[in-house]
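Novice: Residue numbers (our numbering): 207 to 501. By construction, the Cβ of each residue, glycine as well, lies at the ideal position given by its N, Cα and C atoms. Since the structure is predicted, the reported quantities are computational estimates derived from the model, not experimental observations. Let me give you the structure first, and then I'll get to my questions.
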Ligand SMILES: NC(=O)c1ccc[n+]([C@@H]2O[C@H](COP(=O)([O-])OP(=O)(O)OC[C@H]3O[C@@H](n4cnc5c(N)ncnc54)[C@H](O)[C@@H]3O)[C@@H](O)[C@H]2O)c1
């Protein structure tokens, strides 16, 4: 299928759908580099919190960028409706919850309302973009764009859906660097891309040694910091991601690879069932007045 790469990128907005943990961080990164950013979230409280986060981080993020490459800061816009926000954008990135019943209809909507040359990206941690095409008629402009945890982690993994048009991943590989991001292209289809596939195995075994009573979250994090030079261990990072999100991701890997053991998933679920979701609920593997310092 023929596809024309987006033009006038510097003049057109970047739309972020979902203003939670990741969406607001992605929005901050683009806004700091001078992009016109539009945030969409169903929740007014999330829109407000995201705006406050973006406003409070823009200046610091800009200080790390090359002034010769970035434009002036533009007003941040927030929307309750995707339909109002998307027209005109050159890039749409969704960061809504890790659920196919939300993401598949959303991509159908984006496919219908986005400009013909707009790129449609998912920040999903575990779904390949090829799994989100059920209501899409133009798969050639759909891709995975997986952010780690900006601004602390500026890696972003780019992966096509198997039908993504030539040149899109390379265009993004160039454009995203302006915003201080560090892109990596996954060549071929891979559940978990590059980094998450490796990290999933580390997380699973960390959970297992704690579930079996062999060690504690604090000791596992400490040994990983001591031996691997990590700034934060797996339990600190899972608490930051949110244990409900971690649970969704574990469930997806188990669906994709049925031979994986389920004990680690069940252990995370016991925390979620108890309302311990990590940093965002004030308690997860750690209580947040006692958590080790984290970058
Ligand atoms: N949390 C992480 O560390 C992390 C890291 C990388 C990627 N991701 C991926 O990012 C995505 C979002 O994760 P998160 O942790 O930011 O989730 P989150 O729960 O913190 O935020 C999701 C947001 O989406 C909003 N939302 C739900 N349905 C919506 C809709 N139809 N339209 C607009 N907004 C809607 C919610 O109100 C919420 O604010 C997931 O796909 C996840 O796999 C998360």
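1) On the DSSP bridge assignment, give the partners of residue 298 in chain order.
2) Helix, strand or coil for residue 215 per DSSP?
3) Quick check for students: name the residue ranges of the alpha helix (DSSP H) that lie wholly in the stretch 301-380, counting only runs of 4 or more.
4) What does a CB cutoff of less than 6 Å around residue 421 pick up in its chain, not counting 5 residues either side in sequence?
5) Can you give me the start and stop residues for the beta strand (DSSP E) that residue 244 sits inside?
6) Let me check you understand the geometry: is the CB of residue 441 closer than 7 Å to at least one non-hydrogen atom of ligand 1?
7) Rounded C-beta distance between residue 222 and residue 245? I'm assuming under 8 Å.
8) Three-state secondary structure (DSSP) at residue 499?
9) With DSSP run on the structure shown, which of helix, strand or coil describes residue 391?
10) Considering only heavy atoms of ligand 1, does any lie closer than 7 Å to the CB of residue 225?
11) Quickly, what does DSSP pair residue 165 with across the bridge? List them, please.
12) Return the CA-CA distance between residue 304 and residue 239, expressed in angstroms with no decimal places.
13) What's the C-alpha gap between residue 224 and residue 417?
14) When you measure from the CB of residue 303 to every non-hydrogen atom of ligand 1, does any distance come out below 7 Å?
15) CB-CB under 6 Å to residue 327, same chain, minus the five flanking residues each way: which ones, in chain order?
16) Residues in its own chain within less than 7 Å of residue 264 by CB, not counting five upstream and five downstream?
17) CB residue 334 to CB residue 371, shorter than 8 Å?
18) Quick check: the Cα distance between residue 419 and residue 472, rounded to an integer number of angstroms?
19) Tell me whether residue 352 counts as near ligand 1, meaning its Cβ is closer than 7 Å to at least one heavy atom of that ligand.
20) Which stretch, first to last residue, makes up the alpha helix (DSSP H) that contains residue 250?
Specialist: For this structure:
1) 221, 326
2) helix
3) If only uninterrupted alpha helix (DSSP H) runs of at least 4 residues are considered, those enclosed by the stretch 301-380 are 306-319.
4) 415
5) 243-246
6) In this structure, residue 441 has its beta carbon at no less than 7 Å from each heavy atom of ligand 1.
7) About 5 Å separates the beta carbons of residue 222 and residue 245, which is inside the 8 Å limit, making them a contact pair.
8) Unreliable positioning characterises residue 499 in this predicted model, as indicated by a pLDDT of 49, which lies under 50. A coordinate reading is not provided.
9) Of the three classes helix, strand and coil, the one that applies to residue 391 here is strand, per DSSP.
10) yes
11) Outside the displayed range of the chain (207 to 501) lies residue 165, so it cannot be described from this structure.
12) 27 Å
13) 32 Å
14) Residue 303 Cβ: within cutoff of ligand 1.
15) 299, 349, 351
16) 234, 237, 238, 279
17) no
18) 14 Å
19) Within the cutoff, so yes.
20) Where residue 250 is concerned, the enclosing alpha helix (DSSP H) stretches over 250-269.
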